[in-house]
Amino acid sequence: MRLSDCFADLIAYLSYFLRTVERKQPPYDQVRHEIERLLGESESCLKQGAFSAEDYDQARFAVCAWIDEAILSSPWKEKLNWQKQQLQRIYYNTTDAGELFFERLNSLGLHQRDVREVYYLCLAMGFTGRYIQEGDQYLLDQLRASNLKLLL
């Protein structure tokens, strides 16, 4: 089992949400409940002892940052409600995940492949964080490519 497997259902749910949100506009409570439920299920990997608490927490941070950014960038009419209760604020007491994501990624050791893979997946799924400006795309592409090389 890989650490990314712990978050597979959550990633799949959010990907579906993002593809259908403009048309479906699901209620806030439904989306919040489902994401919280899937985050809770992801903790089963930790309880099974498959990964260290530190690695799980690092990976969950990346996933929470991606979810918050993706929802807040979506055409969902309930996103202002989400902004008040972002996952990064609830789990990590921050609203600076766009910066901290890259600081945490840069601090990963080579032995933390599973954690790096989760960060890479978030980048591949569109996380931009502090690289949101138009001229930042090249830097973001370079960062994504360099992390992929470390995984191969």
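Counting with my numbering, you get residues 4 to 155 for the letters of the sequence shown. We put the beta carbon where it would ideally sit given N, CA and C, even for glycine. Since the structure is predicted, the reported quantities are computational estimates derived from the model, not experimental observations.
Rounded distance between the beta-carbons of residue j and residue i, thought under 8 Å
i: residue 63; j: residue 19; result: That pair is no contact at about 20 Å.
i: residue 112; j: residue 132; result: With 8 Å as the limit, residue 112 and residue 132 do not qualify as a contact, their Cβ atoms being about 21 Å apart.
i: residue 81; j: residue 31; result: 4 Å
i: residue 39; j: residue 12; result: Not really, about 13 Å apart at Cβ, beyond 8 Å.
i: residue 48; j: residue 9; result: 4 Å
i: residue 117; j: residue 71; result: Going by Cβ atoms, the distance from residue 117 to residue 71 rounds to 22 Å, so no, they are not a contact pair.
Alpha helix (DSSP H) segment containing residue i, residue limits
i: residue 74; result: 56 to 75
i: residue 155; result: Segment: none, residue 155 is in no alpha helix (DSSP H) and carries neither H nor E.
i: residue 101; result: 100 to 110
i: residue 91; result: 90 to 95
Residue i (DSSP reduced to helix, strand or coil)
i: residue 85; result: helix
i: residue 135; result: coil
i: residue 130; result: coil
i: residue 147; result: helix
i: residue 80; result: coil
i: residue 51; result: coil
i: residue 166; result: Within the shown structure, residues of the chain are numbered from 4 to 155, placing residue 166 beyond reach of any answer.
Check your understanding: What are the uninterrupted segments assigned as beta strand (DSSP E) that are 3 or more residues long and contained completely in the stretch 7 to 48, given in chain order?
Key -> none
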